[in-house]
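Each residue of the sequence shown is one higher than the one before, starting from 8 at the first, in my numbering.
Note that the Cβ used here is the ideal one computed from N, Cα and C, for glycine as well.
Contents: one structure, followed by commentary.
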Amino acid sequence: MEWTARGRTAAVPVDESLDELAELAASAGAEVLDRVLQSRPGPEAATLIGRGKVEELAAAVRSGEADLVVFDRDLSPTQQRNLEKIVGAKVIDRTQLILDIFASRARTREGRLQIELAQLNYRLPRLAGHGVEMSRLGGGIGTRGPGETKLETDRRRIAHRIKKIEDDLNGVRAGRALHRRRRNAVPLATLALAGYTNAGKSTLFNRLTQAGVMVDARMFATLDPTVRPLMLPSRRRVLLSDTVGFIRNLPTTLVKAFRATLEEVAEAELVLHVVDVSAPAAAEYVAHVMSVLAEIGAAQIPQILVMNKIDRLSGSPADAGAMSHRLLGGGRHVASATAVSALTGAGIDGLLRAIDEALQLDPVLRATFRLSSGDGATLAMLHQFGRVLATRYEGTHVEVEAEVPESLKRRLDSAS
Ligand SMILES: Nc1nc2c(ncn2[C@@H]2O[C@H](COP(=O)(O)OP(=O)(O)O)[C@@H](O)[C@H]2O)c(=O)[nH]1
Ligand SMILES: [Mg+2]
Numbered sequence: 008m009e010w011t012a013r014g015r016t017a018a019v020p021v022d023e024s025l026d027e028l029a030e031l032a033a034s035a036g037a038e039v040l041d042r043v044l045q046s047r048p049g050p051e052a053a054t055l056i057g058r059g060k061v062e063e064l065a066a067a068v069r070s071g072e073a074d075l076v077v078f079d080r081d082l083s084p085t086q087q088r089n090l091e092k093i094v095g096a097k098v099i100d101r102t103q104l105i106l107d108i109f110a111s112r113a114r115t116r117e118g119r120l121q122i123e124l125a126q127l128n129y130r131l132p133r134l135a136g137h138g139v140e141m142s143r144l145g146g147g148i149g150t151r152g153p154g155e156t157k158l159e160t161d162r163r164r165i166a167h168r169i170k171k172i173e174d175d176l177n178g179v180r181a182g183r184a185l186h187r188r189r190r191n192a193v194p195l196a197t198l199a200l201a202g203y204t205n206a207g208k209s210t211l212f213n214r215l216t217q218a219g220v221m222v223d224a225r226m227f228a229t230l231d232p233t234v235r236p237l238m239l240p241s242r243r244r245v246l247l248s249d250t251v252g253f254i255r256n257l258p259t260t261l262v263k264a265f266r267a268t269l270e271e272v273a274e275a276e277l278v279l280h281v282v283d284v285s286a287p288a289a290a291e292y293v294a295h296v297m298s299v300l301a302e303i304g305a306a307q308i309p310q311i312l313v314m315n316k317i318d319r320l321s322g323s324p325a326d327a328g329a330m331s332h333r334l335l336g337g338g339r340h341v342a343s344a345t346a347v348s349a350l351t352g353a354g355i356d357g358l359l360r361a362i363d364e365a366l367q368l369d370p371v372l373r374a375t376f377r378l379s380s381g382d383g384a385t386l387a388m389l390h391q392f393g394r395v396l397a398t399r400y401e402g403t404h405v406e407v408e409a410e411v412p413e414s415l416k417r418r419l420d421s422a423s
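See the structure below:
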């Protein structure tokens, strides 16, 4: 379940902020049971929300058997503890929820380090808050109670860890160029989905990869679930990677950590920039995603603007040209813009073709292969990964004319 107290100062309306919180909770694996809202002139020091509301919340937790309450506003450590005691469930705030999502989604080493750093920086002041309370409780005059001694060690340990992470981050940055070079040896291009939370990235990810499940899926079993192989109409294979979404109400302390999760986008061959065209602020979202991508050095990566949720638009069938003009404001350049509905599947074929066109890597070539007629494995591979145009049997040999990805031709040429 979730909770908010009063509107945040940000320009995002309370109900939209709560909707987004619900999306975030869902992507962290939670099922949202209920939401409660309170408006009050000022926060209650001990519990943020008023006494009566806390009781109401406790009752809602009991009746829904909720085990987690997420506040849309930041909680002090004391408020968090007080609330947990009364409500009888785990209580976290928006920042913790987002950190949790980032932590579960960070893939690159730099991303993981950056997020651990944000987590530690979040915990450090909370530790201090805890210590003050402990020393008050422990109460010996001028003595350091057991709580505070533990606090000192905890603090020192965290400070050490932060220092270590910062050193590691410097090392990782130096190694990045090397890492890129090595990746380039992998023949599969990577496509990254980017866009705001709720734009439909995960739905599109599933829609696109569903059809493309391949015989050799075992090969990818070790990859995490947010990366999957996809076969394009040209029969080229690429890897599609789902990413953490942009968040409207991103706490400023998490900006760095969020950018670190975009590292993989910066290394992709093609970005599928997904936008919910039914959102009133769609053009703003597009502009913001574009500028952040530019800031992380991804401006030169070809982009397809995927205008999603067209099923929600009423009236005449979507005119992709006019729509993209409105979203891009004329100024920005994209490789192409495609209107789709990830939900219904409308426009997905067009998107797949657009991806094929935009991908320069591993172009499809027409070639003739001369195989021994007993070489069933190669023949099967040509059928699986290429488009076989003609097959001629000549005694002990077979000549196959096919359109195949350059990488496959290279592999077969070097094998023969
Ligand atoms: N009507 C409609 N809803 C969609 C479409 N694509 C996604 N959604 C819904 O939008 C919500 C967010 O989708 P999701 O894929 O989780 O977005 P993500 O946060 O970008 O990964 C879900 O409720 C989806 O069912 C679409 O094409 N049409
Ligand atoms: Mg998602």
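| Query | Result |
| --- | --- |
| Sort out for me which residues DSSP pairs Ala344 with in a bridge. | Leu312 |
| Cβ of Ser209 versus every heavy atom of ligand 2: is any distance shorter than 6 angstroms? | yes |
| Just list the residues that DSSP pairs Glu408 with in beta bridges. | Thr375 and Ala397 |
| Do Val313 and Val347 have their beta-carbon atoms positioned less than 7 angstroms apart in this structure? | yes |
| Take His404 and list the residues in its own chain whose beta-carbon comes closer than 7 angstroms to its own, dropping the five residues that flank it on each side. | Arg377, Leu378, Ser379 and Ser380 |
| In the DSSP assignment, find the beta strand (DSSP E) that holds Asp283 and state where it starts and stops. | Leu277 to Asp283 |
| Less than 6 angstroms separating the Cβ of Leu44 from some heavy atom of ligand 1? | no |
| Could you check how far apart the C-beta atoms of Ala110 and Ala267 are, in whole angstroms? I think they sit under 8 angstroms. | Going by Cβ atoms, the distance from Ala110 to Ala267 rounds to 11 angstroms, so no, they are not a contact pair. |
| Per DSSP, which residues does Arg244 bridge with? Please list them. | Met238 |
| Per DSSP, what kind of secondary structure is Asp79 in: helix, strand or coil? | coil |
| On a Cα-Cα basis, can you pick out the residue from Lys263, Lys316, Pro370 and Thr233 that is closest to Pro287? | Lys316 |
| When burial is assigned at 16 or more other CB atoms within 10 Å of the CB, is His332 buried or exposed? | exposed |
| Taking the beta carbon of Asp326 as the centre, do at least 16 other beta carbons fall within 10 Å, making it buried, or is it exposed? | exposed |
| Is the distance from the Cβ of Leu279 to the Cβ of Leu350 below 7 angstroms? | no |
| Expressed to the nearest angstrom, what Euclidean distance is found between the alpha-carbon atoms of Ala206 and Leu237? | 21 angstroms |
| Whole angstroms are fine: how far does the CA of Ala361 sit from the CA of Val341? | 12 angstroms |
| Output needed for Leu195: all residues of its chain with C-beta closer than 7 angstroms, excluding positions within five of it in sequence on either side, in chain order. | Arg244, Val245 and Leu246 |
| Would you say the beta carbon of Lys316 comes nearer than 6 angstroms to a heavy atom of ligand 1? | yes |
| Where does the unbroken beta strand (DSSP E) through Leu200 begin, and where does it stop? | Ala196 to Ala201 |
| Compare the Cα-Cα distances from His295 to each of Leu127, Gly49, Arg214 and Tyr203 and report the closest residue. | Tyr203 |
| Note down the Cα distance separating Ser34 from Tyr129, rounded to an integer number of angstroms. | 21 angstroms |
| Can you grab the Cα-Cα spacing for the pair Val43 / Ala67, in whole Å? | 9 angstroms |
| If you measure between the beta carbons of Val76 and Ala53, is that distance less than 7 angstroms? | no |
| Between Gly118, Ser285 and Val371, which has its C-alpha nearest Val251's C-alpha? | Gly118 |
| Does the separation of the CB atoms of Leu358 and Ala289 fall below 7 angstroms? | no |
| Expressed to the nearest angstrom, what Euclidean distance is found between the alpha-carbon atoms of Arg187 and Ala125? | Only weak support is given to the placement of Arg187: the predicted model assigns it a pLDDT of 49, under 50, and the value that follows is read from those uncertain coordinates. About 25 angstroms. |
| Any idea if Glu291 is buried or exposed, counting beta-carbon neighbours within 10 angstroms, 16 or more meaning buried? | exposed |
| If Arg255 and Ser285 are in contact, beta carbons under 8 angstroms, what's the gap, nearest whole angstrom? | 16 angstroms between Cβ atoms; not a contact. |
| Provide the residue(s) that pair with Lys208 in DSSP beta bridges, ordered along the chain. | None; Lys208 has no bridge partner. |
| Are the Cβ atoms of Leu239 and Asp356 separated by less than 7 angstroms? | no |
| Between which two residues does the alpha helix (DSSP H) harbouring Ile108 extend? | Arg101 to Arg112 |
| Consider the C-beta atom of Ser111 and the heavy atoms of ligand 1; say whether any pair is separated by less than 6 angstroms. | no |
| Taking 6 angstroms as the cut-off, is the beta-carbon of Thr70 closer than that to any non-hydrogen atom of ligand 2? | For clarity, residue 70 is Ser in the given sequence; the question names Thr instead. No, Cβ of Ser70 sits at least 6 angstroms from all heavy atoms of ligand 2. |
| Could you check whether the Cβ of Ser34 sits closer than 6 angstroms to any heavy atom belonging to ligand 2? | yes |
| Can you tell me the Cα-Cα spacing of Ala374 and Thr385, whole angstroms? | 14 angstroms |
| Count the C-beta pairs between the segment 22–36 and the segment 100–110 that are closer than 8 angstroms, then say yes if the count reaches three, no if not. | yes |
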